[in-house]
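The structure appears below as structure tokens.
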Ligand SMILES: [Fe+2]
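In my numbering, the protein residues as written are 2 to 419.
Below you can see the structure in the form of structure tokens.
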């Protein structure tokens, strides 16, 4: 059974949740049933909270003087605001020598030497979280006396925010963050993809407009730009360029002849021999295209391809006579694709060549007109019939007079990049 990515991720999250919850539950049970380490704390009797949230106060609620001693009532209060319980506790305060216990309540109390020791009454052994212990004594002392601190000790019970619990808590927070993050990312990705698709649509629509200008100028080569784009993109794909680059090569192929708009119709569609001046005018479509597409910097290589697709590998091309690898890669690719399409289409001045003639011509041009590293890909595409697929696809769209419109669906999946 194959699960889609969302279900798979959801299952992982659910599994993580179950593991965390089980660990947390086990930890709770263990902690609740475990009487663990000793607990001891010295507290000032001022009510200041020193540690663990256990704090204590005392009030001297009455004092008198008899013949040879003082007597006073002390009301104690100990509050447990921490996150642990304490069992079998004992509270101790220092008292002056000879102190006598006259009365007590709320606890068991006893004088042991110079200490007054409080222990819980039998029904009040454990001092739980949020509990408050109120108890009091009446003492007879030789001198006026006010207790300043109390020692409280016992055994911890219940939870104590131990390391394991903290780890589980942190893991749970991480889990929750990932869970939320996952869905936010999915949502954003979906929006982003929608936007990306829309961007591609805008690009394609702009290109449609361009191409219809070019076609209007040179109806005889209608469909040329699109075929060149598809051949060039396939070469790029077979050369294992990245998907982005394949897509850029496609756009570069579509617009490579944009400069033809600036060539007079009479020259562009002239049958028969061209004068030197006319040939120069036609060759100038490269420079014109380069100028026209100067602004199109967001699609890499578009301008260079229009400018340099008639350069030759041996340096005898135009407009600048660039040589070898100094000719931009896209222009070298489109150059081969452009020549193939020219040879395989009828022109005003000649009919198209057959397959063997074309292969021979292209191989003859390898290293002189064409980049010898690109030629084998083009030859393969002719031999394995890919070029015919392109011709069939474009022919359908070319059947109507002005019916040639490029849509998203015309671009094979890979060129869309998603
Ligand atoms: Fe051209």
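Note that CB positions come from ideal geometry on N, CA and C, so glycine has one too.
Given a cut-off of 8 Å, decide if residue j and residue i are closer than it, judged by their beta-carbon atoms.
i           : j           : result
residue 359 : residue 345 : yes
residue 81  : residue 128 : yes
residue 154 : residue 41  : yes
residue 141 : residue 100 : yes
residue 93  : residue 118 : yes
residue 272 : residue 305 : no
residue 395 : residue 228 : yes
residue 108 : residue 136 : yes
I need the DSSP call for residue i, collapsed to helix, strand or coil.
i           : result
residue 296 : coil
residue 55  : strand
residue 282 : helix
residue 177 : helix
residue 245 : helix
residue 390 : helix
residue 409 : Residue confidence is low: residue 409 scores 45 on pLDDT, short of 50, so the model does not pin down where it sits. Its coordinate-derived value is still stated next. Three-state result, residue 409: helix.
residue 401 : Unreliable positioning characterises residue 401 in this predicted model, as indicated by a pLDDT of 45, which lies under 50. The coordinate reading is nonetheless provided below. Coil, per DSSP.
residue 371 : strand
residue 381 : helix
residue 194 : helix
residue 268 : helix
residue 154 : strand
residue 138 : strand
residue 67  : coil
residue 123 : coil
residue 226 : helix
residue 18  : helix
residue 105 : strand
residue 255 : helix
Within the continuous alpha helix (DSSP H) that includes residue i, where are the two ends?
i           : result
residue 110 : Unbroken run through residue 110 is the beta strand (DSSP E), 109-113; no alpha helix (DSSP H).
residue 312 : Premise fails: residue 312 is in no alpha helix (DSSP H) and is neither H nor E.
residue 358 : 356-365
residue 338 : 330-345
For the beta strand (DSSP E) containing residue i, name the first residue and the last one.
i           : result
residue 132 : Note, residue 132: premise wrong, no beta strand (DSSP E); not H, not E.
residue 44  : 39-45
residue 99  : Looking at the DSSP string, residue 99 is not in any beta strand (DSSP E), and its letter there is neither H nor E.
residue 88  : 86-95
Since residue i and residue j are thought to touch, with beta carbons under 8 Å apart, how far apart are those beta carbons, to the nearest angstrom?
i           : j           : result
residue 246 : residue 237 : 6 Å
Is residue i close to ligand 3? I mean its beta-carbon at under 7 Å from any heavy atom of the ligand.
i           : result
residue 339 : This structure simply doesn't include ligand 3; it includes ligand 1 instead.
message: Whether or not the region 324-343 and the region 375-389 are in contact is what I'm after, with contact meaning three or more pairs of Cβ atoms, one per stretch, closer than 8 Å; do they touch?
response: yes
message: With three or more C-beta pairs closer than 8 Å as the rule, is the region 265-281 touching the region 289-307?
response: no
task: Examine the Cβ distances between the region 286-294 and the region 253-262 and report whether three or more of them are shorter than 8 Å.
output: yes
message: Measuring CB atoms only, is the region 311-318 touching the region 365-374, in the sense that at least three cross pairs come out at less than 8 Å?
response: yes
- request: Inspect the CB distances between the region 316-335 and the region 197-217 and report whether three or more fall short of 8 Å.
  value: no
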